[in-house]
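In our numbering, the protein residues as written are 168 to 725.
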């Protein structure tokens with residue numbers, strides 16, 4: 168009997184140790200910070216969390232990292248570079264370093280580049296930054312940076328939006344992807360353009376334009392009769408008739424014009440600004456391929472462009488913004504261009520399958536547009552002859568037929584968080600509380616709808632460009648949900664902002680800034696064992712400033 172008792176006494180500590188070991192093993196499977204997304208903001212969020220000593224996993228639905236920054240938007244919307252700090256600035260410094268390496272200027276001598284940028288010179292040698300770059304260079308920077316930081320990365324892993332988010336007591340505990348992988352975490356960051364994780368977790372959000380009355384704004388809501396840029400039909404000497412037989416509504420509308428009433432100025436709607444691809448073209452004979460003809464090409468889709476050309480418009484090449492090595496970041500320009508107006512309204516809420524269909528429709532439309540201008544006899548000869556010297560860049564997007572892998576999601580869901588940024592903060596009519604970064608780009612929205620006005624003419628609506636009095640601060644509350652919804656989630660891309668405020672915030676350098684700040688907040692809240700909403704701002708501010716973030720104009724980099 169005594170022997171049996173001794174055996175029990177011996178086994179009890181072993182059983183206890185085994186139980187503790189199992190619990191520890193279970194804890195080891197929980198990652199400190201899970202970042203979902205493949206955008207530039209996702210990358211900086213993951214890097215910052217790792218820099219702060221935490222375990223990190225980046226779960227990317229995309230195969231290619233960087234979102235628009237590596238997807239064709241190489242002519243960076245910098246605004247004021249003095250307010251771009253931290254990891255965001257480091258990205259552009261790493262791009263600069265790439266172009267100092269042998270082979271960085273394969274198709275062009277750097278002296279011939281011209282150093283033209285948007286709001287700032289393309290190359291700033293003093294600060295070793297390069298704001299204008301080729302897509303493949305940006306992707307190399309993101310990939311190498313992730314490897315350097317030894318961050319665990321899963322590509323092509325898509326969140327199960329229906330049943331893939333586990334929430335317990337107001338906290339996300341795990342996410343699952345469609346492949347069946349599960350990722351358990353303590354803190355989560357939704358760094359997608361679409362806000363898919365925050366939505367699946369039950370966070371409140373908005374799609375479309377708020378009425379001007381909602382946040383006491385001037386430039387939100389429907390904006391009929393407002394013509395700020397040259398992306399409207401008022402740039403033409405004569406109005407454009409929308410009907411197949413001019414003057415005869417019974418003949419039907421030509422393509423790409425809506426028959427719907429645009430609505431009342433100042434009222435809200437569920438429509439979003441147009442998407443496009445930022446195409447990378449080349450005019451170097453050895454590095455271009457002819458614009459491909461889509462399988463379902465239909466030249467009648469571009470009848471409106473023919474009428475624009477017939478009206479005398481000749482600005483086709485005005486947004487062929489040059490990036491290194493005789494390539495372009497080509498964006499929308501004019502009343503009819505690469506923006507596929509009105510064809511993306513479903514996208515934010517759509518299933519993955521429906522989103523793919525929308526993306527394919529945009530791709531076919533834009534490829535068809537390029538093929539049309541290069542080949543259709545109705546295009547003015549002087550434009551067509553010059554355009555035939557261009558083609559898609561042969562050494563970009565080589566696994567996708569030289570076509571960008573990322574559509575320009577200019578706007579999708581926007582969180583309604585702890586604080587909502589509006590035009591009033593951007594225009595400095597109201598102070599911004601608890602800054603976690605700065606923006607400085609013009610308040611900017613692309614067109615949202617194309618319709619027939621009361622005079623029977625084609626009109627575009629929604630294009631807004633409003634200058635700022637200077638850089639503005641972005642509130643911490645705009646990247647965290649309300650506390651009663653989720654307490655361990657940060658949203659640095661689908662941020663809490665009105666439609667028109669998001670039109671400025673939505674720039675790639677800002678997403679990288681907010682990705683870093685959001686990860687910093689997540690790590691600090693984790694270390695303190697509190698919700699992200701309860702994190703003392705002064706503590707957060709001190710860490711952000713230490714890490715090189717620019718939070719006010721007093722911190723600007725000169």
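Quick reminder that beta carbons are idealized off the backbone N, C-alpha and C, glycines included.
Quick caveat, the model's predicted, so the values are computed rather than measured.
State the DSSP-derived secondary structure class of residue i, mapped to helix, strand or coil.
i: residue 410; result: strand
i: residue 193; result: Note that residue 193 scores 47 on pLDDT, short of 50, meaning its location in the model is unreliable; the coordinates nonetheless yield the value given after this. It is helical.
i: residue 550; result: helix
i: residue 521; result: helix
i: residue 212; result: helix
i: residue 254; result: helix
i: residue 627; result: strand
i: residue 719; result: coil
i: residue 539; result: helix
i: residue 586; result: coil
i: residue 566; result: coil
i: residue 269; result: coil
i: residue 641; result: strand
i: residue 221; result: coil
i: residue 203; result: strand
i: residue 396; result: coil
i: residue 188; result: Annotation note: pLDDT 43 at residue 188 (below 50); position unreliable, coordinate value reported separately. Helix.
i: residue 372; result: strand
i: residue 279; result: helix
i: residue 198; result: strand
i: residue 449; result: strand
i: residue 662; result: coil
i: residue 235; result: helix
i: residue 581; result: strand
What are the boundary residues of the alpha helix (DSSP H) that residue i is part of?
i: residue 685; result: 675-695
i: residue 671; result: 666-672
i: residue 310; result: 302-315
i: residue 366; result: 363-367
i: residue 592; result: 590-593
i: residue 709; result: 704-713
i: residue 470; result: 470-477
I think residue i touches residue j, with their Cβ atoms under 8 Å apart; what is that distance to the nearest whole Å?
i: residue 585; j: residue 716; result: With a Cβ gap of about 19 Å, residue 585 and residue 716 do not count as contacting.
i: residue 582; j: residue 658; result: 5 Å
i: residue 203; j: residue 356; result: 7 Å
i: residue 400; j: residue 625; result: 6 Å
i: residue 241; j: residue 302; result: 6 Å
i: residue 580; j: residue 366; result: 6 Å
i: residue 442; j: residue 610; result: Between residue 610 and residue 442 the Cβ distance is about 19 Å, and since that is not below 8 Å, they are no contact.
i: residue 352; j: residue 403; result: Actually they are not in contact, since the Cβ atoms of residue 352 and residue 403 sit about 54 Å apart, beyond 8 Å.
i: residue 390; j: residue 578; result: 15 Å between Cβ atoms; not a contact.
i: residue 266; j: residue 272; result: 7 Å
If we call anything under 8 Å between Cβ atoms a contact, is residue i one with residue j?
i: residue 377; j: residue 430; result: no
i: residue 710; j: residue 687; result: yes
i: residue 680; j: residue 251; result: yes
i: residue 132; j: residue 684; result: It is not possible to answer for residue 132, since the shown part of the chain is limited to 168 through 725.
i: residue 232; j: residue 280; result: no
i: residue 198; j: residue 358; result: no
i: residue 317; j: residue 237; result: no
i: residue 459; j: residue 538; result: yes
i: residue 653; j: residue 337; result: yes
i: residue 450; j: residue 375; result: no
i: residue 615; j: residue 386; result: no
i: residue 718; j: residue 603; result: yes
i: residue 612; j: residue 384; result: no
i: residue 660; j: residue 259; result: no
i: residue 493; j: residue 325; result: no
i: residue 444; j: residue 530; result: yes
i: residue 420; j: residue 406; result: no
Determine the extent of the beta strand (DSSP E) in which residue i is found, giving its start and end residues.
i: residue 604; result: 602-606
i: residue 560; result: 558-560
i: residue 617; result: 616-619
i: residue 485; result: Note, residue 485: premise wrong, no beta strand (DSSP E); not H, not E.
i: residue 350; result: 349-357
i: residue 321; result: 319-321
i: residue 423; result: Counting along the chain, residue 423 falls outside any beta strand (DSSP E), and DSSP gives it neither H nor E.
i: residue 612; result: 610-612
i: residue 339; result: 338-343
i: residue 494; result: 494-497
i: residue 333; result: 332-335
Residue i CB to nearest chain D CB: under 8 Å?
i: residue 309; result: Although the question refers to chain D, the structure presented lacks it and comprises just one protein chain.
Can at least three beta-carbon pairs, one atom from the stretch 477-486 and one from the stretch 587-606, be found at a separation below 8 Å?
-> no
Below 8 Å, can you find three or more Cβ-Cβ pairs linking the stretch 404-419 to the stretch 506-521?
-> no
Touch check for the stretch 627-635 and the stretch 553-571: three-plus C-beta pairs under 8 Å?
-> no
Flag this pair as touching only if the stretch 689-704 and the stretch 386-400 have three or more C-beta atom pairs under 8 Å; answer yes or no.
-> no
Taking contact to mean at least 3 C-beta pairs separated by less than 8 Å, is the stretch 216-224 in contact with the stretch 289-303?
-> no
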